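Participant: Counting from 1, one number per residue, gives the positions in the sequence shown under the numbering used here.
From the three backbone atoms N, C-alpha and C, an ideal C-beta is built for every residue, glycine too.
From a predicted model like this one, the values you see are computed outputs, not experimental measurements.
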Amino acid sequence: MASKKTTPDQSTHDPEVRPKAARTHWSARDRLRILAAADACAPGELGALMRREGIYSSHLARWRRQRAEGELAALTPKRKAAPTPEAQRQTAELARLRRENQRLQAKLAQAEVIIDVQKKLATLLGITLPAPPTDAQD
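1) Using three-state DSSP, classify residue 119 as helix, strand or coil.
2) Can you look up residue 47 in the DSSP assignment and give me helix, strand or coil?
3) My parser needs the alpha helix (DSSP H) runs of 4 or more residues fully inside the stretch 60-115; what are they?
4) Is residue 61 buried or exposed, if buried means 16 or more other CB atoms sit within 10 Å of its CB?
5) What residue range is occupied by the uninterrupted alpha helix (DSSP H) comprising residue 129?
6) Could you compute how far the alpha carbon of residue 1 sits from the alpha carbon of residue 32?
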């Protein structure tokens, strides 16, 4: 049994097969168009429509239910309003505070390491350190 050899310029994958399965998304307009075509189908033509559109009967059932409940019309994209100056200011302030918090946490970690080293050095040298102040406020 001889094995088939390929040259470097030959492709080893089937050009008819997509390398990665793509999830299909139908817009509300497409769904309504497909539903109208499905409603106009004569008996026996619905299967051909579903194969042509690449949908399953569960898609049709869900879309019909959504159309009946008025949800399909709600799927049309709505434009977002531009952020208000107040929202932009708050977003900038939040980003600034997060950066400051990160900087202060780094400084705190560094200070804790320094204090730990000082304690160990004092222990090695036999120096007694004063007791840390208490945070009790009267």
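Facilitator: Reading it off the structure:
1) helix
2) helix
3) 71-74
4) exposed
5) According to the DSSP assignment, residue 129 belongs to no alpha helix (DSSP H), since it is labelled neither H nor E.
6) Any reading at residue 1 is ruled out, since the residue's pLDDT is 48, under 50, leaving its predicted position unreliable.
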